[in-house]
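Once you know that position 248 of the sequence shown is 338 in the working numbering, the rest is easy, because the numbers rise by one and skip nothing.
As C-alpha cells, the structure follows; a few thoughts come after it.
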Amino acid sequence: MMDNNDIIKLLPDAVANQIAAGEVIQRPASVVKELLENALDAGATQIDLFVKEAGKTAIMVIDNGIGMSETDARLSFERHATSKIHRADDLFAIRTMGFRGEALASIAAIAQVELKTRRKTDELGTKILIEGSVVKSQEMQPMPEGTTFTIKNLFFNVPARRNFLKSNQAEMRHIIDEFHRVVLMHPEIGFSFSSNEKELFHLYPGTLKQRIVALFGNNYNERLLPVEQATSSVSVNGFVGKPAFARKTRGEQYFFVNRRFIKHAYLHHAVENAFQELLPKDSFPSYFINIEINPTEIDINIHPTKTEINFQDSKLVYAIIHAAVKKTIGQHNLSPLIDFDVDPKLNIDFSEISRANRQVVHPTVSFDPEFNPFEKTKTQSFNHHEKQKNIEGWRNLYGERIDTHSSVEFENTETQQTPFSFEEVTKRFIQVQRSYIITSIKSGLMVINQHLAHWRILYEDFLKRLENTKQASQQELFPQQIRLNATEASLLRELIPDLKTLGFGIEEINQTTFVINGTPVNSNEKDVTQTLEKALENYKRNQHDLHLEKRLNLARSMALQLAIRNDHDLQEVEMTRLVDKLFACNVPDVAPNGQKIFFILKTNEIESRFNETK
Ligand code: ADP
Ligand code: MG
C-alpha cells in the first residue's frame, strides 16, 4: 500500500532511460561509436558516416548490412534488447562489438532518432521516428537494403548535458578518434566520413597497412614494421613505427583486443620497453597492435563504454607483445632491406640483384697516408651501428663478401677521397637523360631516379645526425650572407642549433641577416642562400600541410634542397656511390614524399617486347 510516508518512487521509464543514457552516451562521439559498431555487427561492407556541427546537430550512419525486420526495428530501441546475447554464457564468448543492448535505448532517450532499415528479402523497409524514448511514427516504405540511423539534436531534452558539450572542434576530435579506432581494425570494410557536407575520409577496403596509410598519411608506408607472434592462447599482430620516426607527442598508439580498441598502460609499457634505447629522448613509438585472445581469458566485467579491460594472465600477454615487438625491431636493425618483404607490390629478391651480372671485383685498398687510427676510432665507435647496417645492406644487395675496411667509404656524405680506387670496378651504371641511373641486375634492368635517390640518402643521413645531436662536419664555403623577412628570420633563428647539427655553418649577424660559411654536402656556393631560402619555404609548407614534426620536417626540407637535381651529369664514381648509399638506406624504395625511387624492368618484360614483334 502506498503511504504518505513512503519516500521511494519509481522513476518513469523515460527518466530512467535518460539517466542510464548518461552512462553510455557522453558525447556525439559515443553515438558515432555505437552506430558504427552496430553497422559492423550487421555485416556491412560499406559504412558511411555524416555529421553536422560535430554531431551536435545531426549524426547519420548508413550501412549495407543485414537490416532488421519490422518487429526487430521497433524492439531494437528497448533496453536490453539485443540480438547478440542469448544465454548468460554468451557474455563470455562475445566477440562482436555490441554488448548489452543499451546503446539504441539510450540514444533514443536523449535525441530525435530516425531509423530506416530493410532486409534483403523484404520488399518494403521500416521507418521509425522516436524522440525522447517516445515512438512518434512507424511506417513501411521502399528503401535501399541495409540500415540508416539519423540522430538529431543530441541531448535536446537534457539541457544540462547539452551545455556540457565542448566546442565543435573538441567534439570533432573525439569523433575522429572513435572513427580511427573503429576503422583501423576493419580494413576489409569501406568507410567514408563527412562533416558538414565535406568528405574527410574515404577509405577503400584493403590491408591493415593500407588502412593506416590512408588514415595517417603516405609517409607511413615507409615507417611501419610488421609485428607478428602467435602462441596457443594469444596471438599478436599489427605494426609498429620505425624507431627513427618516433614522435615527440604521443601519437598513434593503438591496442585492440579481438579488434576492439582498448587502453592498457601495462601493455603500453611492453611496447615502449621493447624499443628502449632505440627511441630518441622524449619521443614515443607509434603502434597498431591487435591481440587475439580467447574471450574467456579476458575479465569481461565490462562497462559499456569502458576501453580498459583486464586479462586473466596479463604477464603472459605482456611477455608476448614485448617479444614480438623486440623481434621486429631487431630484424629491422639487422637487415634494413627487410621492408621489401612487407610491401606486396614490391617483390624483389635482393639477394639476386646483380650477383650474376656483376663480376666480383674486390676493391683494392690503397694506403691512405692521412689515416689516423685514433681519429678513426672516434668516428668508428660513433658510427659503428650504422656502419654495420650499411655493410649488411651492401651484402644483401650484392650477396658478396665485403672487406670491413672498405666500408669506411660509406661513413659520411662529406668524405672526399675514398680509401680504394674505383677504376678497377667494371662499368655498371649508365646515366640517361642526365636524370636516371640504369643498371643491370639479375632480374632485369633497374632504373633509378637520381634526385629522389639522393633525397632519400640525405634525408636519412640528416635524421641520424639530428637524433645524435652531434655537430656534423661541414664543407667550407666562402661566407655568404642571407637576408630574410622578420618571420623567416625568426624561424631560421629557431632552427640554427639543428642546422648546425646537420652540418651548416651559420651565424646570426643581426635581426634579419645571417652568414653561412659551411654546408653539410658539397653545394654550389652561389646556390647556398637560395637553397636555404627554399628549404625554409618548404619547411613552412610542410608545417602547415603535413604537420610534420620539427626534426622530420627539417631533414626532409633540407635534404630535398641539397639533393642533386635531375638534368645533372653524374660521373661513374658518383653513380656507384649514390647507388651504394641508396641501398644502405633504411628505406631505399621511396623518397620522403612517398614517390618511388626506382623500378625494375623485368627480363621477361623485355623478352615479351620482342615476342610482340615476332
Ligand atoms: P547491442 O548492439 O548491444 O545488441 P544496441 O542497442 O546497440 O545493442 O542494438 C540493439 C539491436 O538492434 C542489435 O542487437 C541489433 O539486433 C539491432 N541493430 C542495431 N543497429 C543495427 C544495424 N545497423 N543493422 C542491423 N541491426 C541493428
Ligand atoms: Mg550496439
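Quick reminder that beta carbons are idealized off the backbone N, C-alpha and C, glycines included.
Given the structure is predicted, the values throughout are model-derived calculations rather than measurements.
Kindly examine the ligand ADP and report whether one of its heavy atoms sits closer than 7 Å to the Cβ of residue i.
i    : result
T237 : yes
M150 : no
S173 : yes
S166 : yes
I156 : yes
A132 : yes
D138 : no
D162 : yes
D153 : yes
Does the separation of the CB atoms of residue i and residue j fall below 8 Å?
i    : j    : result
S284 : L293 : no
R646 : P682 : yes
A198 : S223 : yes
M158 : R209 : yes
G155 : G191 : no
S376 : G331 : yes
D153 : A119 : no
R518 : P678 : no
N656 : S525 : yes
R313 : F335 : yes
N107 : R169 : yes
L139 : F269 : yes
I379 : G328 : yes
E204 : L219 : yes
R117 : H354 : no
E578 : L626 : yes
T135 : G280 : yes
Excluding sequence positions up to five away, which residues of its chain have a Cβ less than 8 Å from the Cβ of residue i?
i    : result
E465 : Its pLDDT being 35, under 50, E465 is placed unreliably by the model, and the measurement read from it follows with that caveat. Answer for E465: no residue qualifies.
K416 : A364
V121 : I115, G145, I149, I197, A201, I241 and L244
N258 : E143, A144 and K146
D588 : L556, K640, R641 and L644
T609 : Q564, Q565, L567, G593, F594, G595, V618, T621 and L652
N286 : V141, K142 and E143
T559 : T591
CB-CB under 7 Å to residue i, same chain, minus the five flanking residues each way: which ones, in chain order?
i    : result
L574 : L582 and T602
I654 : Q540, H541 and H544
F306 : E342
K435 : Confidence is the limiting factor: at K435 the pLDDT is only 34, short of 50, which leaves the residue's position unreliable, though a coordinate-based value still follows. Result list for K435: empty, nothing under 7 Å.
T321 : I410
V522 : I528
L357 : F345, V407, Y408 and I411
V537 : Y526, I528, F688, F689 and L691
L369 : P333, A336 and P375
Count the other CB atoms, across all protein chains shown, that sit within 10 Å of the CB of residue i; report buried if there are 16 or more and exposed otherwise.
i    : result
T386 : exposed
I687 : buried
K288 : exposed
K671 : buried
V105 : exposed
F552 : buried
F239 : buried
S580 : exposed
G684 : exposed
Y629 : buried
T591 : buried
M230 : exposed
T237 : buried
R340 : exposed
S698 : exposed
K226 : exposed
At a threshold of 7 Å, does residue i count as lining the ligand MG (C-beta to nearest heavy atom)?
i    : result
E124 : yes
A193 : yes
E550 : no
E127 : yes
Could you tell me how far apart the beta carbons of residue i and residue j are, in whole angstroms, since I believe they sit closer than 8 Å?
i    : j    : result
I383 : V324 : 5 Å
L298 : P277 : 5 Å
T418 : L315 : 5 Å
Sorted by chain position, which residues of the same chain lie with C-beta nearer than 6 Å to residue i's C-beta, five sequence neighbours on each side aside?
i    : result
A111 : S196, A199 and I200
E221 : Q202
I696 : none
Beta-carbon of residue i versus every beta-carbon of chain C: anything under 8 Å?
i    : result
H634 : This model lacks chain C altogether, as it is built from one protein chain only.
Tell me whether residue i counts as near the ligand GTP, meaning its Cβ is closer than 7 Å to at least one heavy atom of that ligand.
i    : result
K630 : As presented, the structure is devoid of the ligand GTP, carrying the ligand ADP and the ligand MG as its sole ligands.
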